[in-house]
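Each remark here refers to the structure printed beneath this line.
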Amino acid sequence: DAGVIQSPRHEVTEMGQEVTLRCKPISGHNSLFWYRQTMMRGLELLIYFNNNVPIDDSGMPEDRFSAKMPNASFSTLKIQPSEPRDSAVYFCASSSRTGPDTIYFGEGSWLTVV
Amino acid sequence: KNEVEQSPQNLTAQEGEFITINCSYSVGISALHWLQQHPGGGIVSLFMLSSGKKKHGRLIATINIQEKHSSLHITASHPRDSAVYICAVFGNQFYFGTGTSLTVIP
Chain C
4 DAGVIQSPRH EVTEMGQEVT LRCKPISGHN SLFWYRQTMM RGLELLIYFN
54 NNVPIDDSGM PEDRFSAKMP NASFSTLKIQ PSEPRDSAVY FCASSSRTGP
104 DTIYFGEGSW LTVV
Chain W
404 KNEVEQSPQN LTAQEGEFIT INCSYSVGIS ALHWLQQHPG GGIVSLFMLS
454 SGKKKHGRLI ATINIQEKHS SLHITASHPR DSAVYICAVF GNQFYFGTGT
504 SLTVIP
């Protein structure tokens, strides 16, 4: 299995630009999670989906952030407009059970907003 | 207020030593995860616990639901165990500890 696949791996963008991060979960997994990691705040859960439906988006920092899961094999996290404080590593993870079973993480998308 | 507290924050050990990392939490949970993050950023889920004890190779994880406490033990530590270990709990949402940075010296 290829594991959880994220793209891009690295992105540098200017403040105000739109950023789209992509995630392909492991085939057959029905839960998908987006996390953000920074030095200051550590690892934070942004949103998670079960069966393509957003269950808890209370971790999404503000309206500039949005996430979609149009089908079982693809999800996006969009930031519009981006700000320097959004600079972080964004991880996607998937799980095969509803709720917190073994989680498999992608390698992360390293975002720098200048 | 942190719902998940880990100790120690930093740990340096000699190769071969027995290592213990502790995690205490204050919320009701249905499961607890131990995660490992290597330099370079990749995160691996080591264990998911809801009760008792699990063992995988040199790693042992225990949880005491009544005391809201979990420990991760590494026996015969090796330099390749050097990583950040993160405790995460799931109640009605995920809460994360700030991690324990482990360095094992040859």
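First to last, the sequence lines map onto chains C and W. Each residue of the first sequence is one higher than the last, beginning at 4 in our numbering. Each residue of the second sequence is one higher than the last, beginning at 404 in our numbering. Where is the CB? At the ideal position from N, CA and C, for every residue including glycine. Small disclaimer: the values here were computed from a predicted structure and weren't measured.
Within 9 angstroms of chain C by C-beta, residues of the stretch 463-478 of chain W in sequence order: none
Nearest-angstrom Cα separation, counted from LYS27/C out to SER454/W: Each residue's alpha carbon lies about 31 angstroms from the other.
Identified DSSP bridge partners for LEU48/C: Answer is TYR38/C, bridged to LEU48/C.
Residues in the stretch 431-447 of chain W having any Cβ partner in chain C nearer than 9 angstroms: ILE432, SER433, ALA434, LEU435, HIS436, LEU438, GLN440, GLY443, GLY444, GLY445, ILE446 and VAL447
Under 8 angstroms from the C-beta of ILE29/C: neighbouring residues of chain W: Ordered by position in chain W, no residue passes the 8 angstroms Cβ test against ILE29/C, which lies about 12 angstroms from the chain.
Residues that GLY460/W contacts on chain C, provided the C-beta gap is smaller than 9 angstroms: Here the premise fails: no neighbours, minimum Cβ distance about 16 angstroms.
Per DSSP, the bridge partner or partners of GLY455/W: ILE466/W, per the DSSP bridge assignment.
Beta carbon proximity, TYR93/C to chain W, threshold 8 angstroms: For TYR93/C, no CB of chain W lies under 8 angstroms from its own CB, so it is not counted at the interface with that chain.
Distance, PHE497/W Cα to TRP37/C Cα: 11 angstroms
Closer than 8 angstroms to chain C by CB, GLY524/W: As displayed, chain W neither begins before 404 nor continues past 509, which places residue 524/W out of reach and without an answer.
DSSP-derived helix/strand/coil call for ARG88/C: Correct three-state label for ARG88/C: helix.
Short Cβ contact (8 angstroms threshold) for LEU49/C with MET72/C: If you check the CB distance, LEU49/C and MET72/C do not come in under 8 angstroms.
Buried or exposed (CB count within 10 angstroms, at least 16 for buried), MET18/C: exposed
Backbone secondary structure at VAL492/W - three-state DSSP: strand
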